[in-house]
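What follows is a set of notes on a single structure, which appears directly below.
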Amino acid sequence: MGVLLQEIRRTPVLWLLVFVPAVLLAEHRWPQAHTLLFVLSVLAIVPLAMLLSHATESVAAKTGDAVGGLLNATLGNLTELVIAVSALRAGEIMLVKASIAGAIVTNTLFMLGASFLLGGLKHHTQEYNRISARVQAALLFLATVALLVPSAVADIDGARDNTFASQLSVGLAVLLIAAYALSMLFSLKTHRELFASAEHGEDAEPPWPIGVALATLAVITVLVALVSEVFVASVQEAAQSFGMTPAFVGFIVVALVGGAAEMAAAFSGARKDRLDLSVGIALGSASQIALFVAPVLVLLSYLVGPAPMDLQFWPGAVLMMLIATMTASLVTNSGRSAWFVGVLLLMVYVIFALTLYLLPPRAA
Amino acid sequence: MGVLLQEIRRTPVLWLLVFVPAVLLAEHRWPQAHTLLFVLSVLAIVPLAMLLSHATESVAAKTGDAVGGLLNATLGNLTELVIAVSALRAGEIMLVKASIAGAIVTNTLFMLGASFLLGGLKHHTQEYNRISARVQAALLFLATVALLVPSAVADIDGARDNTFASQLSVGLAVLLIAAYALSMLFSLKTHRELFASAEHGEDAEPPWPIGVALATLAVITVLVALVSEVFVASVQEAAQSFGMTPAFVGFIVVALVGGAAEMAAAFSGARKDRLDLSVGIALGSASQIALFVAPVLVLLSYLVGPAPMDLQFWPGAVLMMLIATMTASLVTNSGRSAWFVGVLLLMVYVIFALTLYLLPPRAA
Amino acid sequence: MGVLLQEIRRTPVLWLLVFVPAVLLAEHRWPQAHTLLFVLSVLAIVPLAMLLSHATESVAAKTGDAVGGLLNATLGNLTELVIAVSALRAGEIMLVKASIAGAIVTNTLFMLGASFLLGGLKHHTQEYNRISARVQAALLFLATVALLVPSAVADIDGARDNTFASQLSVGLAVLLIAAYALSMLFSLKTHRELFASAEHGEDAEPPWPIGVALATLAVITVLVALVSEVFVASVQEAAQSFGMTPAFVGFIVVALVGGAAEMAAAFSGARKDRLDLSVGIALGSASQIALFVAPVLVLLSYLVGPAPMDLQFWPGAVLMMLIATMTASLVTNSGRSAWFVGVLLLMVYVIFALTLYLLPPRAA
Chain A
-7 MGVLLQEIRR TPVLWLLVFV PAVLLAEHRW PQAHTLLFVL SVLAIVPLAM LLSHATESVA
53 AKTGDAVGGL LNATLGNLTE LVIAVSALRA GEIMLVKASI AGAIVTNTLF MLGASFLLGG
113 LKHHTQEYNR ISARVQAALL FLATVALLVP SAVADIDGAR DNTFASQLSV GLAVLLIAAY
173 ALSMLFSLKT HRELFASAEH GEDAEPPWPI GVALATLAVI TVLVALVSEV FVASVQEAAQ
233 SFGMTPAFVG FIVVALVGGA AEMAAAFSGA RKDRLDLSVG IALGSASQIA LFVAPVLVLL
293 SYLVGPAPMD LQFWPGAVLM MLIATMTASL VTNSGRSAWF VGVLLLMVYV IFALTLYLLP
353 PRAA
Chain B
-7 MGVLLQEIRR TPVLWLLVFV PAVLLAEHRW PQAHTLLFVL SVLAIVPLAM LLSHATESVA
53 AKTGDAVGGL LNATLGNLTE LVIAVSALRA GEIMLVKASI AGAIVTNTLF MLGASFLLGG
113 LKHHTQEYNR ISARVQAALL FLATVALLVP SAVADIDGAR DNTFASQLSV GLAVLLIAAY
173 ALSMLFSLKT HRELFASAEH GEDAEPPWPI GVALATLAVI TVLVALVSEV FVASVQEAAQ
233 SFGMTPAFVG FIVVALVGGA AEMAAAFSGA RKDRLDLSVG IALGSASQIA LFVAPVLVLL
293 SYLVGPAPMD LQFWPGAVLM MLIATMTASL VTNSGRSAWF VGVLLLMVYV IFALTLYLLP
353 PRAA
Chain C
-7 MGVLLQEIRR TPVLWLLVFV PAVLLAEHRW PQAHTLLFVL SVLAIVPLAM LLSHATESVA
53 AKTGDAVGGL LNATLGNLTE LVIAVSALRA GEIMLVKASI AGAIVTNTLF MLGASFLLGG
113 LKHHTQEYNR ISARVQAALL FLATVALLVP SAVADIDGAR DNTFASQLSV GLAVLLIAAY
173 ALSMLFSLKT HRELFASAEH GEDAEPPWPI GVALATLAVI TVLVALVSEV FVASVQEAAQ
233 SFGMTPAFVG FIVVALVGGA AEMAAAFSGA RKDRLDLSVG IALGSASQIA LFVAPVLVLL
293 SYLVGPAPMD LQFWPGAVLM MLIATMTASL VTNSGRSAWF VGVLLLMVYV IFALTLYLLP
353 PRAA
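Right under this line is the structure:
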């Protein structure tokens, strides 16, 4: 506990942890105050995501290279996964899909763009290892294509047939998880040198003792689950009162909240002129959503949800994901960046957000 | 005036200036001879565009680096802008949109392709600075995506809702102009070394005296505006008599006519084995259409037009623009070219033109 | 004949030649046994395609560089062409289109992916000449775009108008064949050094005597034509009994059967760490389908078919072809590969196949 308190004192954002009891209390007292609950739950998830990320890294650091890498990679998007499972249990399938699509777009456009901008404001031109960036961008592109093509094909052929969609989605989920397992073998075992810089433990704080780390991991996961339930229950009605469409909430709000921890790491890497790290986190995290989180959610939807989820995305989301990953490929191709590249990536992200914000709700 | 007459004597294409009084006279005498007026106005705009381009460069050369660069960049597509404003005033919004889309496609496919072909016929393989080409291609890709995504998203979701479209377009226009201002800061100030070769003053003719240049700029702009009005008024009916669809006229004819001056500069660069120059003009001019000309026209449409213009393009135009800019990215990626790459770019352009020519008018 | 028998003894797959008389006999005896005839004809086409490929190379080797290269390139996809002509004659236009689309996708995703995987299992990382790979990938991308854009444009604009489609397709076919002729000039004459490694005669078996080669070429082409007719006649009903959609048969089965010979060459190159060879065969063969086989079939359809064929593909096929060629561009961009890149390419291919397999027949 001493270690944890010390961590909290050193990292101002962790003061937000006070919103965790606040949101649970508020939910008990005013279960109908959706807007309040929504704001409180967002504020509570951010520090929890950061602690979760630190706990995962600490456990990974203790368990040795191979298992540690596996843990790190698998639990890297745990916050997104827990929020999505809460939404699945509540039957909010649209929200789950929007948050999958949003996580891919946010990681590639916002996380990469803000890293380039923050880094570029401090350093004239930044260079990074373009060989590993290209391999990672190619993986991300193929992973996204694999995730998207069936819905695109079915969509433009007008075959929105339920049996077809769910059969295809289950087959696809199994294939994607198999590819994910092979990608672990590739990045942790046979070709780990290509991904070397993505292990960002070097000049980080010393890891916590294993007992504290494991206990934190367990407790925080439960807390995230509890807060996520409040979040999911309040989000629809709160969004309406803010004038946000459900697509906007899933795509932008959930993705930014769920990815807060990775973003903090990526931005800090960019400012230290370690852009390899930022690019690795952004592209790796997006690949993981496509290859692991999305298919796991499809399979889990048969266990925990009131209705199974398929992988048919709405056409606008398909287009945004394809453009985001193609952009990531093009932009990381040269192995160098400057502030304006970051500005343009962020501009595309803001335009996506604006479009979703203004889009008439029915169309989403 | 002596300078101007000398210029005209040296540059055979400027003999076409005789068509300027011809078209104005003809418009007065035979206001219903649409085909004649169309042909005369096209022939008159080409030399005016070239003089305008030379006058802009002369003013830029006199006013020092930063202001000169700014002037050069802002007035580089002045002919396109003046034609489009005439069309806006006449309420020909379809023509304006087609000419925006056509300018992007023509600059990337036709200007780049013809440069590669003309250069490749003289030189076995041509190399150019691939780092600046990549930065410029990435800017162009992101600028085009920013311009297009909202219409693509709205389009495939069937949300062709007028309030949505105009709100989004105004928001987008403001964002694009802000990005354009930042791109000036980037290319003229913080990272000007990346764009160095695009300043093509080196072995050009000596600039005109500033007085002549400013006067020419003013007079020619007025003449372009006058001729454009004849052009816009005659184009629809003339096109019908040639069997051209309105989409073909805006996309191909207006774009080729408006871009004549830049093309002359790009082709001459390619033949002198200075492909950096050609690539810079082609990609830079296309980016400028997306980031500056298009949003300015949206905002101007509220002032000068009978009806406001939004940025919703028809799906075929969206696809052609996306393919053109992706092609530009792929092709300039390697930093080398040969004649056959030019042939293929031109082939894609001809196929686009053929498609638009044959497309049943209603679909366009 | 001795040479031929020796070849057969040395290459186990050629034992499959026994299925050639078997299928012709079976067709005579049990003309209604569609499933049997389908399986037998597939088994018979594979060894014929390999002999055809070897005979072509032998004739090419004897006739000197320029003519040889031309022959090799033109006859490289002879099997696909003969099968498609049989289908045209039977009026199976959907099957022809699906097999064109499938050949492009199979060559880029399956042939390239399996080459990377097979090579990567033997060699840690494989490098290849990325300059020629980029030129070839750019050619392939532009060739595919040229083939596809009209159908994409017409499609999303809802202009599925027959006159439009057939006029455009004939114009397009002429343009593509002209571009193909120029590409021969480029790759065999003016810039042959860029394509050098694609001539894979070095450590191959000694070529056959010219008489044997020519006779084999003639006889085998006739045999392929005979077997193709059985194949085309049986495929639709056999496919139904296997639960396959027509789209799946054309796209996957025909493409794999027709490309068997090139695949054998590409895979053997990859295992010998000569990935230049594999990439050259895969990308070159795909370009040839787009620039030569497809337009020739359009023009032939006016001569041999009951109905003319246009180049309007169904939207799903357009998307798959675009994604396949963009993927090929991205993946070959770095000039290096590892086994997991192959896995991902194969995964996208399997997902395409799965989608086509599950797609309700009417939508295809």
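For the protein sequence lines, the chains are A, B and C, in the order given. The opening position of the first sequence corresponds to residue -7 in the working numbering, with each subsequent residue numbered one higher. The opening position of the second sequence corresponds to residue -7 in the working numbering, with each subsequent residue numbered one higher. The opening position of the third sequence corresponds to residue -7 in the working numbering, with each subsequent residue numbered one higher. Yeah, the Cβ is synthetic: ideal placement off N, Cα and C, and Gly gets one too. None of these values were measured; they are calculated from a predicted model.
As computed with DSSP, R328/B is found in a beta bridge with E119/B. Contacts with chain B at 9 Å (Cβ-Cβ) do not include L(-3)/C. One finds A130, F133 and L134 in chain C with Cβ atoms closer than 9 Å to the Cβ of V323/B, taken in chain order. Judged by their CB atoms, S91/C and A274/C are not nearer to each other than the 9 Å cut-off.
Under the three-state reduction of DSSP, E84/A is assigned to coil, being neither helix nor strand.
Around the C-beta of F234/A, fewer than 16 other C-beta atoms lie within 10 Å, and the residue is accordingly described as exposed. Secondary structure of H183/C (DSSP, three-state): coil.
For P201/A, the three-state secondary structure derived from DSSP is coil. Taking the Cβ atoms as the reference, V(-5)/C lies roughly 5 Å from W200/C, within the contact range of under 8 Å. Counting along the chain, the unbroken alpha helix (DSSP H) around K54/A starts and ends at H26 to K54. Secondary structure of R266/A (DSSP, three-state): coil. Distances from the alpha-carbon of S270/A to those of L44/A, A125/A and T48/A put A125/A closest. Residue-level contact by beta carbon fails for V127/C and chain A, as no gap is shorter than 9 Å.
S78/B has its alpha-carbon roughly 46 Å from the corresponding atom of M86/A.
For V271/C, not one C-beta of chain B is nearer than 9 Å to its own C-beta.
Secondary structure at W7/A: helix, using DSSP grouped into helix, strand and coil. Residues of the segment 153 to 180 of chain C with a Cβ closer than 7 Å to any Cβ of chain B, in chain order: D153, F156, Q159, L160, G163, L164, L167, A171, L174, S175 and F178. Of the candidates Q280/C, I75/C, A231/C and G242/C, the residue whose Cα lies closest to the Cα of L174/C is Q280/C. Taking all protein chains in view, the Cβ of T319/A is crowded by 16 or more other Cβ atoms within 10 Å, so the residue is classified as buried. As the crow flies, the alpha-carbon of L168/C is around 11 Å from that of V290/C. Neighbours of H183/B across chain A, judged by C-beta separation under 9 Å: H116, T117, A330, W331 and F332.
The alpha carbon of L180/C has as its nearest neighbour, out of G276/C, V31/C, L248/C and P307/C, the alpha carbon of G276/C. In this structure A36/B is not in contact with A25/B, their Cβ atoms being roughly 15 Å apart against a cut-off of 8 Å. In its chain, beyond the 5 residues on either side, G327 have a beta carbon closer than 6 Å to the beta carbon of R122/A. Cβ neighbours of L80/B within its own chain (closer than 7 Å, five residues either side excluded): V88, L289, L292, S293, V296, G297 and M301.
Neighbours of F344/C across chain A, judged by C-beta separation under 7 Å: V141. Close CB contacts of A171/B within its chain, under the 8 Å cut and outside five residues either way in sequence, are with A135, A138 and L283 (chain order). Pairing A262/B with S45/B gives a Cβ-Cβ distance that is not under 9 Å. For the segment 71 to 99 of chain B, the set of residues with a beta-carbon nearer than 8 Å to any beta-carbon of chain A is empty.
Here DSSP, grouped into helix, strand and coil, assigns P23/B to coil.
Residues of chain A whose Cβ lies closer than 7 Å to the Cβ of I315/C are, in chain order, V137 and V141. Residue contact with chain C for A309/A: absent (no Cβ-Cβ distance below 9 Å to any residue of chain C). Counting along the chain, G250/B sits inside the alpha helix (DSSP H) bounded by residues A247 to G250. For L292/C, the enclosing alpha helix (DSSP H) covers residues A286 to V296. Chain B has no Cβ within less than 9 Å of the Cβ of L6/A. Separation of R21/A and T213/A (C-alpha to C-alpha, rounded to the nearest whole angstrom) is 24 Å.
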